[in-house]
Amino acid sequence: MSAPMDRRRFLTGAALGGATIVGASALGALDAEAAYASTRSTLDPGVIESAFAEGRIGAIQGALLVVAGSWGETHKVQLTNATSVWKLRPTSAKEIEIGDGMYGRGVRMPDGTIAADAVWVNIVNLECTVAGIAADRLQLAHDKHAVLGRLIAGTTVASYNGGALTSDLSRLKIGQAVRVLGAWRPADDSVDVAQLTVAA
Amino acid sequence: MAGLLLGVLLGWTGWLKLTAPAAESSALVELLHDTRLVRRALRTLGAVELAVAAGLLGGLAAAGWAAAALGVGFLGYLAWARAVAPDASCGCASARHTPVTARSFGRAGLVVLAGSWAAVGRPWWTVEPLAAAVTAAAGLALVLALSADLDHLWLLPLRRARLRLLGHPLSTSDGGNPVAASVQLLESSLAWESAAGVVRSALLESWDDAGWRFLRFAGVAAGRPVTVVFALAAESTVDTVTDPVVRVTVVDDERQEVVGDLLPLVR
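In order, the protein sequence lines correspond to chains C and W. FYI, the numbering for the first sequence is 809 to 1008, going by the numbering used here. FYI, the numbering for the second sequence is 103 to 369, going by the numbering used here.
Here it is as structure tokens:
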């Protein structure tokens, strides 16, 4: 058996042997959606202060991303094997390309680099109106700009009225207001859609 | 016939510019740097368009040439706006925000053609009724097709009708509970709250085994790198469960052993 599968089996056993916690909480997300929310406040004062970086990746030096920030600044973002990488879905650092946009959260090191806990690549979050529906794509209007949203089978999910995320996209309607969370494709300026949030 | 159509079109756009100039979003702001000046410029242009429209409806050949000249001016303005302010509104036909696209150019080109036609053609009221009706319908269709600001009047209803007739192209579900739904449930759980001080990464990977779904995160506990694994029923979502049942364990990455008593809410 391969090492990752071995590790998975070990973690499967460990998790099932772990403590069971029952109950709900309103703490909320650490995930891609939260990347756009305000800085997450932690409940624990002992927890390390987070640093944030955002911009376009100009160079990749091994596991170091050199990022040109939107305000003219330069970020150096160090990836480790504990860094989560999101590019439409959880993936590995190998998927990151020069020219991609990124948003990252991590811890600032004494030399100024950010040791990344989580990196979201090409993430966009757009308030849109559904202008057209086809089998593999949505025509979206964002502030009157046309945006092509690509629907990815097995990945694109939707939430209606605050309900659970589902792969059921049949309830989308033309004219509906939707929040689109997805990965922008620099090559053709379309958006691979990860999540659609429909208010009504 | 062109005189009537163009007269109505210019009368309409001129009236909109005169009464409700969309100064804030117009590309002219880049040139004039003052929304007051832009509003005055748009109002002046609106008045000119109304005058030309009146001339066209009155059958003046000079008004046809004036309209064609306006069209050439629009083309130049659009080319310039596209170059300096691609995100600005063209402000051509209404207060709606409509970026400059190929359709805007098509409409300005149409003004040039129709203006020239009105200048050299017969007065519109001498055209036979049938030919007039056909030309009017074709002209109207062309203007609608070239006007992004009018899509809500015909394109969206047309697409809605097609969905009603041909059915919705998107399936109800492609089977299985998506991982995103499990993450959503986890994030509303007490287990997530109790692990908040430990988890640092977003979702690293997930896998299913024997009805359970496992979600792996990286974190830091007592200054040491750890792996946090949550396990929950693979099919549960926030729609089916109000008090999520989550098993959670923390594994020290270097020692490869389970760390106990780290989570404050675990008793």
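For each residue, glycine too, the CB sits at the ideal point set by N, CA and C. These numbers come from a predicted model, not from an experiment.
Verify the CB distance criterion: does residue i have a CB-CB separation below 8 Å to chain C?
i, result
"Ala197/W", "Confidence at Ala197/W is low in this model, with a pLDDT of 49, below 50, so its placement is unreliable and the value that follows should be read with caution. Not closer than 8 Å to any Cβ of chain C, the Cβ of Ala197/W fails to qualify, so no."
"Asp345/W", "yes"
"Thr351/W", "yes"
"Val368/W", "Low per-residue confidence applies at Val368/W: pLDDT is 47, beneath 50, and the placement is therefore not dependable enough to give any value."
"Pro327/W", "yes"
"Trp309/W", "yes"
"Val69/W", "Within the shown structure, residues of chain W are numbered from 103 to 369, placing residue 69/W beyond reach of any answer."
"Arg205/W", "no"
"Pro280/W", "yes"
"Thr146/W", "no"
"Asp341/W", "yes"
"Leu255/W", "no"
"Leu118/W", "no"
Does the beta carbon of residue i sit closer than 8 Å to a beta carbon anywhere in chain W?
i, result
"Val965/C", "yes"
"Asp814/C", "no"
"Pro898/C", "yes"
"Ser878/C", "no"
"Ser846/C", "Any reading at Ser846/C is ruled out, since the residue's pLDDT is 44, under 50, leaving its predicted position unreliable."
"Leu824/C", "yes"
"Trp992/C", "no"
"Asp852/C", "Per-residue confidence for Asp852/C stands at a pLDDT of 47, beneath the threshold of 50, marking its modelled position as unreliable; the derived number appears in the next sentence. Closer than 8 Å to some Cβ of chain W, the Cβ of Asp852/C qualifies, so yes."
"Leu934/C", "no"
"Ala749/C", "No answer is possible for residue 749/C: it lies beyond the span of chain C, which begins at 809 and ends at 1008."
"Gln1003/C", "yes"
"Asp925/C", "yes"
"Leu904/C", "Reading the sequence as shown, one finds Ile at residue 904/C and not Leu. Ile904/C does not count as touching chain W."
"Leu819/C", "yes"
Just confirm the distance between the C-beta atoms of residue i and residue j, as a whole number of angstroms; I'd bet it's less than 8 Å.
i, j, result
"Ile931/C", "Ile906/C", "Not quite, the Cβ-Cβ distance comes to about 17 Å (not below 8 Å), so this is no contact."
"Val1022/C", "Ala859/C", "Within the shown structure, residues of chain C are numbered from 809 to 1008, placing residue 1022/C beyond reach of any answer."
"Ala961/C", "Asp976/C", "Not a contact, Cβ separation roughly 13 Å."
"Ala1036/C", "Lys902/C", "It is not possible to answer for residue 1036/C, since the shown part of chain C is limited to 809 through 1008."
"Leu177/W", "Ala204/W", "12 Å between Cβ atoms; not a contact."
For residue i, which residues in chain W fall below 7 Å Cβ to Cβ?
i, result
"Val875/C", "Simply none; closest approach about 18 Å."
"Ser998/C", "Going along chain W, no residue has its Cβ under 7 Å from Ser998/C, so there is no contact; the nearest lies around 16 Å."
"Asp976/C", "Thr274 and Ser275"
"Leu956/C", "Residues of chain W passing the Cβ test: none, with the nearest at roughly 14 Å."
Starting from the beta carbon of residue i, find every residue of chain C whose beta carbon is closer than 8 Å, and list them in chain order.
i, result
"Val360/W", "Ala822, Gly825 and Gly826"
"Pro271/W", "Ile941, Ala942 and Ala943"
"Ala283/W", "Val965, Ala972, Leu973 and Thr974"
"Asp136/W", "Chain C residues near Asp136/W: none, gap ~24 Å exceeds 8 Å."
"Arg318/W", "Leu819"
What does residue i touch in chain C if you count any residue whose Cβ is under 9 Å from its own?
i, result
"Arg357/W", "Those do not exist, as Arg357/W stays about 13 Å from chain C at its closest Cβ, beyond 9 Å."
"Thr115/W", "Within 9 Å Cβ-Cβ: nothing; Thr115/W doesn't reach chain C, min ~18 Å."
List, in order along the chain, the chain W residues whose C-beta lies closer than 8 Å to that of residue i?
i, result
"Ile982/C", "Leu258, Arg261, Arg262 and Leu265"
Residues of chain W with a CB under 9 Å from the CB of residue i: which are they?
i, result
"Val830/C", "Ser291, Leu292, Ala293, Asp345, Pro346, Val347 and Val348"
Going along chain C, which residues have a C-beta under 7 Å from residue i?
i, result
"Arg302/W", "Asp925"
Self-check item: Stretch pair the segment 208-217 of chain W + the segment 155-175 of chain W: three plus CB contacts closer than 8 Å
Solution: Remark: three or more beta-carbon pairs, one from each stretch, lie closer than 8 Å, so the segment 208-217 of chain W and the segment 155-175 of chain W are flagged as touching.
Quiz item: Looking at C-beta atoms only, is the number of pairs between the segment 328-345 of chain W and the segment 300-317 of chain W that lie closer than 8 Å three or more?
Solution: With the cut-off at 8 Å, the segment 328-345 of chain W and the segment 300-317 of chain W touch.
Quiz item: Using 8 Å as the Cβ pair cut-off and three pairs as the minimum, do the segment 107-118 of chain W and the segment 142-151 of chain W touch?
Solution: Taking 8 Å as the limit for Cβ pairs, the verdict is that the segment 142-151 of chain W does touch the segment 107-118 of chain W.
Quiz item: Are the segment 885-894 of chain C and the segment 936-944 of chain C touching, with three or more C-beta to C-beta distances below 8 Å?
Solution: No, they do not touch.
Practice problem: Could you tell me which uninterrupted beta strand (DSSP E) segments, each at least 3 residues in length, are contained entirely in the segment 213-282 of chain W, listed from first to last along the chain? | Solution: Entirely contained in the segment 213-282 of chain W, not one beta strand (DSSP E) run reaches 3 residues.
Quiz item: Any contact of the segment 285-292 of chain W with the segment 814-825 of chain C, i.e. 3+ C-beta pairs under 8 Å?
Solution: Segments in contact, no.
Exercise. State whether the segment 153-163 of chain W contacts the segment 222-230 of chain W, with contact taken as three or more CB pairs (one from each stretch) at a distance under 8 Å.
Key: These segments touch.
Exercise. Take every Cβ of the segment 271-284 of chain W, pair it with every Cβ of the segment 333-353 of chain W, and state whether three or more of those distances are shorter than 8 Å.
Key: Touching, yes, given that three or more Cβ pairs across the two stretches are closer than 8 Å.
Practice problem: Determine, using beta-carbon pairs with one atom in the segment 236-251 of chain W and one in the segment 180-189 of chain W, whether at least three such pairs fall under 8 Å. | Solution: Taking a contact to require three or more Cβ pairs closer than 8 Å, the segment 236-251 of chain W and the segment 180-189 of chain W do not qualify as touching.
Self-check item: Contiguous beta strand (DSSP E) assignments of at least 3 residues, all confined to the segment 953-996 of chain C
Solution: Counting only runs of 3 or more, we get 953-959, 965-968 and 985-993.
Practice problem: Give, in chain order, every unbroken run of the beta strand (DSSP E) that is at least 3 residues long and sits entirely within the segment 899-961 of chain C. | Solution: Counting whole runs of 3 or more residues, the segment 899-961 of chain C contains the beta strand (DSSP E) stretches 909-916, 922-929, 931-941, 945-950 and 953-959.
Quiz item: Taking only runs of the beta strand (DSSP E) that begin and end inside the segment 118-178 of chain W, which ones reach a length of at least 3 residues, in chain order?
Solution: The qualifying runs do not exist here; there are none.
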